[in-house]
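Novice: Dumping the structure here so I can ask a few things about it.
Protein chains: 2
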Amino acid sequence: MLDPIARVRRFNRAVTSEVGALDTSFLGRGRPLGVARVLNAIGHGRSDVAELRDYLALDSGLMSRFLRSLEEEGLITTKPHPDDARRRIAKLTAAGRREFEAYETLSNGQAQSMIARHSQPEALLAAMDMVAAALGRDRISLDEVDPRGAEARYCLGEYYAELSRRFARGFDVALSRDPDALDMMAPRGAFFVALSDGLPLGCVGLKGHAGATAEIKRLWVAPAARGLGLGRRLMDAAETAARKLSITTLRLDTNSALGEAQQLYRRTGWTEIERFNDDPYPDLFFEKRLS
Amino acid sequence: MLDPIARVRRFNRAVTSEVGALDTSFLGRGRPLGVARVLNAIGHGRSDVAELRDYLALDSGLMSRFLRSLEEEGLITTKPHPDDARRRIAKLTAAGRREFEAYETLSNGQAQSMIARHSQPEALLAAMDMVAAALGRDRISLDEVDPRGAEARYCLGEYYAELSRRFARGFDVALSRDPDALDMMAPRGAFFVALSDGLPLGCVGLKGHAGATAEIKRLWVAPAARGLGLGRRLMDAAETAARKLSITTLRLDTNSALGEAQQLYRRTGWTEIERFNDDPYPDLFFEKRLS
DNA sequence: CATGATATCTGACTTAGGTCAGATATATTC
DNA sequence: GAATATATCTGACCTAAGTCAGATATCATG
Numbered sequence: 001m002l003d004p005i006a007r008v009r010r011f012n013r014a015v016t017s018e019v020g021a022l023d024t025s026f027l028g029r030g031r032p033l034g035v036a037r038v039l040n041a042i043g044h045g046r047s048d049v050a051e052l053r054d055y056l057a058l059d060s061g062l063m064s065r066f067l068r069s070l071e072e073e074g075l076i077t078t079k080p081h082p083d084d085a086r087r088r089i090a091k092l093t094a095a096g097r098r099e100f101e102a103y104e105t106l107s108n109g110q111a112q113s114m115i116a117r118h119s120q121p122e123a124l125l126a127a128m129d130m131v132a133a134a135l136g137r138d139r140i141s142l143d144e145v146d147p148r149g150a151e152a153r154y155c156l157g158e159y160y161a162e163l164s165r166r167f168a169r170g171f172d173v174a175l176s177r178d179p180d181a182l183d184m185m186a187p188r189g190a191f192f193v194a195l196s197d198g199l200p201l202g203c204v205g206l207k208g209h210a211g212a213t214a215e216i217k218r219l220w221v222a223p224a225a226r227g228l229g230l231g232r233r234l235m236d237a238a239e240t241a242a243r244k245l246s247i248t249t250l251r252l253d254t255n256s257a258l259g260e261a262q263q264l265y266r267r268t269g270w271t272e273i274e275r276f277n278d279d280p281y282p283d284l285f286f287e288k289r290l291s
Numbered sequence: 292m293l294d295p296i297a298r299v300r301r302f303n304r305a306v307t308s309e310v311g312a313l314d315t316s317f318l319g320r321g322r323p324l325g326v327a328r329v330l331n332a333i334g335h336g337r338s339d340v341a342e343l344r345d346y347l348a349l350d351s352g353l354m355s356r357f358l359r360s361l362e363e364e365g366l367i368t369t370k371p372h373p374d375d376a377r378r379r380i381a382k383l384t385a386a387g388r389r390e391f392e393a394y395e396t397l398s399n400g401q402a403q404s405m406i407a408r409h410s411q412p413e414a415l416l417a418a419m420d421m422v423a424a425a426l427g428r429d430r431i432s433l434d435e436v437d438p439r440g441a442e443a444r445y446c447l448g449e450y451y452a453e454l455s456r457r458f459a460r461g462f463d464v465a466l467s468r469d470p471d472a473l474d475m476m477a478p479r480g481a482f483f484v485a486l487s488d489g490l491p492l493g494c495v496g497l498k499g500h501a502g503a504t505a506e507i508k509r510l511w512v513a514p515a516a517r518g519l520g521l522g523r524r525l526m527d528a529a530e531t532a533a534r535k536l537s538i539t540t541l542r543l544d545t546n547s548a549l550g551e552a553q554q555l556y557r558r559t560g561w562t563e564i565e566r567f568n569d570d571p572y573p574d575l576f577f578e579k580r581l582s
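Read top to bottom, the protein sequences are chains H and B.
For the first sequence, the numbering used here begins at 1 and goes up steadily by one.
For the second sequence, the numbering used here begins at 292 and goes up steadily by one.
Okay, structure coming up:
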């Protein structure tokens with residue numbers, strides 16, 4: 001009854017029997033799924049026909065027909081790409097935008113009703129995030145970003161919130177040595193976020209100092225993404241960035257309440273060292289020499 | 292970024308882009324999905340053609356063609372129903388069973404690899420259970436069963452395990468007043484389990500005494516199914532059964548550590564009463580008069 | 001046993017989705 | 001500027017899936 005394989009297959013069945021409904025929600029407006037998907041992708045800002053075809057994995061002949069069909073309905077217009085007249089650019093007309101919005105409203109309403117019927121929506125959403133992250137694990141990208149950007153700020157906010165949950169005496173950023181954003185950007189350092197279909201699932205900062213030393217800061221992996229090896233991927237990205245910046249020694253501080261992080265460091269070539277700062281929160285210090 | 296609707300839609304996208312793979316896993320053996328689904332359903336024991344058609348929601352013409360195609364491949368045989376020669380019964384041949392097993396192996400392997408790649412499979416499985424329960428909430432059935440059967444025993448095991456996690460000093464069934472199975476079966480009482488696609492998600496027992504009084508025992512809802520109103524449905528079923536058995540007064544005992552249960556009782560017409568037994572675990576006692 | 005209901009089958013037809021081989025126009029490279 | 005590559009389009013063709021109107025055989029009922 002609790003056989004893991006049976007549980008996964010039960011999940012698959014539940015999902016596939018609902019997916020009919022998912023698909024037909026795209027129908028319901030008198031348009032086949034294929035055409036609706038193209039309209040939807042254009043509405044979400046994909047205008048280049050070649051990119052569309054690639055994204056939706058469609059044959060060029062089929063794509064062409066779908067575009068023609070949308071044009072005949074008066075929902076899109078196409079024109080040649082200004083830099084390359086072989087390529088075409090598709091754009092929604094006013095009617096097309098209205099139709100796209102109608103799909104969006106339908107889709108949002110469906111999502112909304114799923115949540116509204118549940119009396120513990122936060123638990124359900126967390127479960128959905130976790131499943132989505134696991135299903136899409138091969139599509140999680142690591143991007144180097146400005147630590148002041150929206151994704152980075154979101155990750156840092158979640159990171160601080162988690163620290164204050166996990167530290168017995170809470171966590172207050174103001175009391176910690178908050179790294180300057182410029183220290184975590186080229187040419188001194190770097191900041192990475194892990195993105196799954198637009199949702200930030202983790203981050204790590206590399207804070208460069210003068211000379212050949214740098215610190216790893218703000219390593220965080222969203223609860224929904226734990227177990228996918230994202231911490232290691234983030235650390236690898238930070239190390240690679242450090243090497244590119246000719247850094248030879250990395251250091252970091254952490255707290256013994258963060259067991260999984262500590263375990264990761266010990267498993268990946270870090271060695272414990274003496275305290276090297278007076279930040280009140282960390283009680284464990286590590287170093288790694290890059291060769 | 293944390294907009295609930297966006298999170299649900301992200302989940303839908305993740306799932307639909309994997310469902311292609313789910314579908315094509317049924318292919319991969321050179322047989323279209325429709326036919327493969329029929330083979331699969333027959334393999335899982337559905338032999339009556341009318342039942343198959345109903346289960347798979349297929350048109351009778353289409354069903355007939357699928358059966359013919361499987362017969363031509365030598366995977367099934369059909370014969371008239373012994374009691375009604377209009378109906379037909381489909382059965383796998385030896386070759387059909389081999390083919391069915393091949394699909395099963397493929398499907399199990401796929402599920403297995405999903406789990407194997409995750410380093411916290413239990414968390415992922417719990418999330419999948421929760422999502423599956425929420426998606427299939429309208430298909431959760433309440434069945435009256437023998438409390439000694441497999442489903443009931445599973446629920447009771449989970450129930451005891453949860454009590455020992457939640458009670459500060461643990462829980463030992465042997466010390467509790469374990470109701471006799473016969474007290475929770477007709478004509479004295481009843482036992483219900485909630486089933487979602489075969490997985491037990493909750494249970495409740497009605498323990499009849501001599502006279503017009505009965506007790507509610509062993510109300511449990513699986514963590515994956517919380518928030519779906521299953522506790523209430525189970526209690527309603529128990530009440531209805533009690534009325535049928537001409538019971539006029541229901542009692543129950545519970546523990547203040549089980550907040551959500553207490554809340555449910557208070558909201559559904561139960562009133563707190565004095566202790567009515569010497570079981571060491573409960574510290575709260577309720578009564579409800581049935582009209 | 002006549003009548004209507006039911007289960008399955010068959011043939012004719014439709015739609016959605018997709019493949020593939022050129023045709024056409026434009027860009028890139030030598 | 002010729003040869004080649006690329007992006008899109010068109011026509012011909014195919015499969016999967018599904019709908020629908022009878023045909024046929026059997027069952028249930030008065």
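Beta carbons are placed, not taken as given, at the ideal position from N, Cα and C, and that holds for glycine.
Does residue 424 of chain B get closer than 9 Å to chain H when you measure Cβ to Cβ?
Specialist: Closer than 9 Å: yes.
Novice: Which residues bound the alpha helix (DSSP H) around residue 357 of chain B?
Specialist: Run containing residue 357 of chain B: 351-363, per the alpha helix (DSSP H) assignment.
Novice: Given residue 273 of chain H, which residues of its chain have a CB within under 8 Å of its CB, disregarding the five upstream and five downstream residues?
Specialist: Around residue 273 of chain H: 251, 285, 286 and 287.
Novice: Our contact map puts residue 201 of chain H next to residue 194 of chain H with C-beta atoms below 8 Å; I'd like the distance itself, whole angstroms only.
Specialist: Confirmed, Cβ separation roughly 5 Å.
Novice: Would you please verify whether the beta carbon of residue 192 of chain H is less than 9 Å from any beta carbon of chain B?
Specialist: Residue 192 of chain H does not count as touching chain B.
Novice: With a cut-off of 8 Å, do at least 3 Cβ pairs link the stretch 149-163 of chain H to the stretch 319-328 of chain B?
Specialist: The stretch 149-163 of chain H, when compared against the stretch 319-328 of chain B, does not touch it at the 8 Å Cβ threshold.
Novice: Which residues mark the beginning and the end of the beta strand (DSSP E) in which residue 565 of chain B is found?
Specialist: From DSSP, residue 565 of chain B is part of no beta strand (DSSP E); its letter is neither H nor E.
Novice: What are the boundary residues of the beta strand (DSSP E) that includes residue 96 of chain H?
Specialist: Counting along the chain, residue 96 of chain H falls outside any beta strand (DSSP E), though it belongs to the alpha helix (DSSP H) covering 94-116.
Novice: Flag this pair as yes or no: are the beta carbons of residue 6 of chain H and residue 415 of chain B separated by less than 9 Å?
Specialist: No, the Cβ-Cβ distance between residue 6 of chain H and residue 415 of chain B is not below 9 Å.
Novice: Report the residues of the stretch 397-417 of chain B with a CB closer than 7 Å to any CB of chain H, ordered along the chain.
Specialist: The stretch 397-417 of chain B vs chain H, Cβ under 7 Å: 398, 399, 402, 403, 405, 406, 409, 410, 411, 412, 414, 415 and 416.
Novice: For residue 12 of chain H and chain B, any beta-carbon pair shorter than 9 Å?
Specialist: Yes, its Cβ sits closer than 9 Å to a Cβ of chain B.
Novice: DSSP state of residue 480 of chain B, grouped into three classes?
Specialist: Coil, per DSSP.
Novice: For residue 129 of chain H, count neighbouring Cβ atoms within 10 angstroms of its own Cβ and tell me buried if that reaches 16, exposed if not.
Specialist: The residue in question, residue 129 of chain H, is buried, as its Cβ has 16 or more Cβ neighbours within 10 Å.
Novice: Which value, in whole angstroms, describes the spacing of the CA atoms of residue 504 of chain B and residue 581 of chain B?
Specialist: Going by the C-alpha atoms only, they are around 10 Å apart.
Novice: Can you tell which of H:225, H:113 and H:216 has its C-alpha closest to the C-alpha of residue 409 of chain B?
Specialist: It is H:225.
Novice: Is residue 554 of chain B close to the ligand NAD? I mean its beta-carbon at under 8 Å from any heavy atom of the ligand.
Specialist: In the structure shown, the ligand NAD is absent, as is every other ligand, since no ligand is present at all.
Novice: Can you give the Cα-Cα distance for residue 428 of chain B and residue 335 of chain B, rounded to whole angstroms?
Specialist: So the alpha carbons of these two residues sit roughly 23 Å apart.
Novice: Any beta-carbon of chain H closer than 9 Å to the one on residue 333 of chain B?
Specialist: Not an interface residue.
Novice: Determine the chain H residues that contact residue 295 of chain B at a beta-carbon separation under 7 Å, and present them in chain order.
Specialist: Here the neighbours are 115, 121 and 125.
Novice: Can you tell me where the alpha helix (DSSP H) holding residue 234 of chain H begins and where it ends?
Specialist: Looking at the DSSP string, the run of the alpha helix (DSSP H) that includes residue 234 of chain H is 230-244.
Novice: In chain order, which alpha helix (DSSP H) runs of at least 4 residues are fully inside the stretch 136-215 of chain H?
Specialist: Listed in chain order, they are 150-166.
Novice: For the beta strand (DSSP E) that residue 76 of chain H lies in, which residues bound it at each end?
Specialist: Start and end: 76-81.
Novice: Count the other CB atoms within 10 Å of the CB of residue 320 of chain B; is the residue buried (16 or more) or exposed (fewer)?
Specialist: Exposed, because fewer than 16 other Cβ atoms sit within 10 Å of the Cβ of residue 320 of chain B.
Novice: Residue 557 of chain B lies in the alpha helix (DSSP H); which residues open and close that run?
Specialist: That run of the alpha helix (DSSP H) goes 550-558.
Novice: Contact defined as beta carbons within less than 8 Å: I believe residue 573 of chain B pairs with residue 545 of chain B. What is the distance between those atoms, to the nearest angstrom?
Specialist: Going by Cβ atoms, the distance from residue 573 of chain B to residue 545 of chain B rounds to 6 Å, so yes, they are a contact pair.
Novice: Buried or exposed, going by whether 16 or more other CB atoms sit within 10 Å of the CB of residue 423 of chain B?
Specialist: Counting Cβ neighbours within 10 Å, residue 423 of chain B comes out buried, since at least 16 surround it.
Novice: Within the same chain, show all residues whose beta-carbon is closer than 7 Å to that of residue 337 of chain B, passing over the 5 residues directly before and after it, in chain order.
Specialist: Same-chain partners within the cutoff: 343 and 346.
Novice: Return no unless some Cβ of chain B is closer than 9 Å to the Cβ of residue 28 of chain H.
Specialist: Chain B contact via Cβ: absent.
Novice: Cα-Cα, which of B:378, B:372, B:521 and B:374 is closest to residue 351 of chain B?
Specialist: The option with the nearest alpha carbon to residue 351 of chain B is B:378.
Novice: Assuming residue 499 of chain B and residue 538 of chain B form a contact by the criterion Cβ under 8 Å, report the distance between their Cβ atoms to the nearest whole angstrom.
Specialist: Contact flag correct, Cβ pair sits at about 7 Å.
Novice: Would you say residue 164 of chain H lies against chain B (beta-carbon separation less than 9 Å)?
Specialist: Chain B contact via Cβ: absent.
Novice: Given this structure, state the Cα-to-Cα distance separating residue 141 of chain H from residue 154 of chain H, to the nearest angstrom.
Specialist: Spanning the two alpha carbons is a distance of roughly 17 Å.
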